[in-house]
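Under the working numbering, residues 13 to 311 are what the sequence shown spells out, in order. Note that the Cβ used here is the ideal one computed from N, Cα and C, for glycine as well.
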Amino acid sequence: MHYIFEPGFFGSGPVHVALAVGAVIAITSAVVGVFTVIRGQSFAGHSLADIATTGGSGAFLVGVNQFWGFLAFGAGAAAFMEMIGVQRRRSRDVATGVVLGAALGLAALFLYLATQSTSTTGASFTILFGSIFVITTSTIPALIASAVLALATVLVLARVLLLSSLSSDIAAARGVPVRAVGAAFLMALAVSVALSAVIIGAVLSTALLIGPAATALRLARSPVKAVITAAGVGVLAIWLGVVLAYDSYYWPPAGRGWPVSFFVVTLIVVGYLLTFLRRRDRQPAPADTLDREHACSPA
Numbered sequence: 013m014h015y016i017f018e019p020g021f022f023g024s025g026p027v028h029v030a031l032a033v034g035a036v037i038a039i040t041s042a043v044v045g046v047f048t049v050i051r052g053q054s055f056a057g058h059s060l061a062d063i064a065t066t067g068g069s070g071a072f073l074v075g076v077n078q079f080w081g082f083l084a085f086g087a088g089a090a091a092f093m094e095m096i097g098v099q100r101r102r103s104r105d106v107a108t109g110v111v112l113g114a115a116l117g118l119a120a121l122f123l124y125l126a127t128q129s130t131s132t133t134g135a136s137f138t139i140l141f142g143s144i145f146v147i148t149t150s151t152i153p154a155l156i157a158s159a160v161l162a163l164a165t166v167l168v169l170a171r172v173l174l175l176s177s178l179s180s181d182i183a184a185a186r187g188v189p190v191r192a193v194g195a196a197f198l199m200a201l202a203v204s205v206a207l208s209a210v211i212i213g214a215v216l217s218t219a220l221l222i223g224p225a226a227t228a229l230r231l232a233r234s235p236v237k238a239v240i241t242a243a244g245v246g247v248l249a250i251w252l253g254v255v256l257a258y259d260s261y262y263w264p265p266a267g268r269g270w271p272v273s274f275f276v277v278t279l280i281v282v283g284y285l286l287t288f289l290r291r292r293d294r295q296p297a298p299a300d301t302l303d304r305e306h307a308c309s310p311a
């Protein structure tokens, strides 16, 4: 066991917090991520992750916890994208791109002002690449509550989300408020991105959102199995990432540990690449045709 877990691993408070909070966030990202991929909104997820950089930078500039900046700017951007976009995918992508460009310009300004007004070092790295080992205790209840809210939203809307992703016209004909459902999902997506940004950074949060989901959708043949598989992949990547990041402090040169975000993203990418080793005759159906009867069957 010593060769896997270095001394003090099981007695470390930050490690306990990282494992517990990381698992909750990984599960949330997995559930939201599966629907993000199925609905073809991966670009929106990536954009919200980049926009989270603006929120984290602004929060650091005014002296509040970065999570609130991630959350506020993500939710605001999601609302704005839904307001100026429409249900057609092309227009939705244009709206997303417009908001993304404006947000990145603000991020550059906020980071510049923050570096000019404070001597604190490492803030930019924390915003961009996260630090799961330094989550403040006072933030944990907000993180858990946000995760539960995002999970509940997606699970309650699961059937209509699948139906509207198959055909918004069919969903509307069946009485589904397609615009409202899309807006609610974008908000859940923004919350999930904000949570991921806390533990692996705004720049890399898309990996935790899309990676496990994409892996699961290559392995599973139904949305339910995909969600379960994605949650398992996400939690495993976080836990192994925490172990490797902790152990890296003992690697030569000692005392210079590697960032946990590097290990998490690397494990996710490796897991996705391994799915290509499966035989071609066992490839699952494409994500947009997964278990269509679940979406189209009467409620």
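Looking at C-alpha atoms only, which residue of the options is the closest neighbour of residue i?
i: Leu155; options: Val210, Leu125, Val193 and Arg233; result: Val210
i: Val76; options: Ala56, Leu116 and Thr148; result: Thr148
i: Gly246; options: Phe21, Ala257, Val27 and Ala35; result: Ala35
i: Ala242; options: Thr287, Ala195 and Ala257; result: Thr287
i: Val166; options: Ser24, Ala42 and Val255; result: Ala42
i: Ser158; options: Leu289, Val29, Thr40 and Met95; result: Thr40
i: Trp80; options: Leu256, Ala202, Arg51 and Tyr262; result: Ala202
i: Ala114; options: Ser59, Ala195, Ala238 and Leu198; result: Ser59
i: Leu178; options: Val49, Ala225 and Thr227; result: Val49
i: Ala87; options: Gly70, Ala226, Ile63 and Ile182; result: Ile63
i: Ala195; options: Ile212, Ala214, Leu216 and Val172; result: Val172
Is it buried or exposed, residue i, if we count other Cβ atoms within 10 angstroms and call 16 or more buried?
i: Ala185; result: exposed
i: Phe47; result: buried
i: Ser150; result: exposed
i: Ile16; result: exposed
i: Val282; result: exposed
i: Val98; result: For Val98, the predicted model reports a pLDDT of 46, less than 50, meaning its position is unreliable and no value from the coordinates is stated.
i: Met95; result: exposed
i: Ala32; result: exposed
i: Pro235; result: buried
With DSSP run on the structure shown, which of helix, strand or coil describes residue i?
i: Ala311; result: The predicted position of Ala311 is uncertain, since its pLDDT is 43 and thus under 50; a value taken from the coordinates is nonetheless stated next. The answer is coil: DSSP assigns Ala311 none of H, G, I, E or B.
i: Ser179; result: coil
i: Ser234; result: coil
Provide the residue span of the alpha helix (DSSP H) that contains residue i, from first to last.
i: Ala206; result: Val190 to Ile212
i: Tyr284; result: Val272 to Leu286
i: Ser69; result: Ser54 to Val74
i: Phe17; result: Here Phe17 belongs to no alpha helix (DSSP H), and DSSP marks it neither H nor E.
i: Pro153; result: Ile152 to Val168
i: Val146; result: Val146 -> no alpha helix (DSSP H), and no H or E assigned at all.
i: Val29; result: Gly25 to Ile50
Does the distance from the C-beta atom of residue i to that of residue j stay below 9 Å?
i: Arg230; j: Tyr284; result: yes
i: Ile144; j: Val254; result: yes
i: Ser176; j: Arg290; result: no
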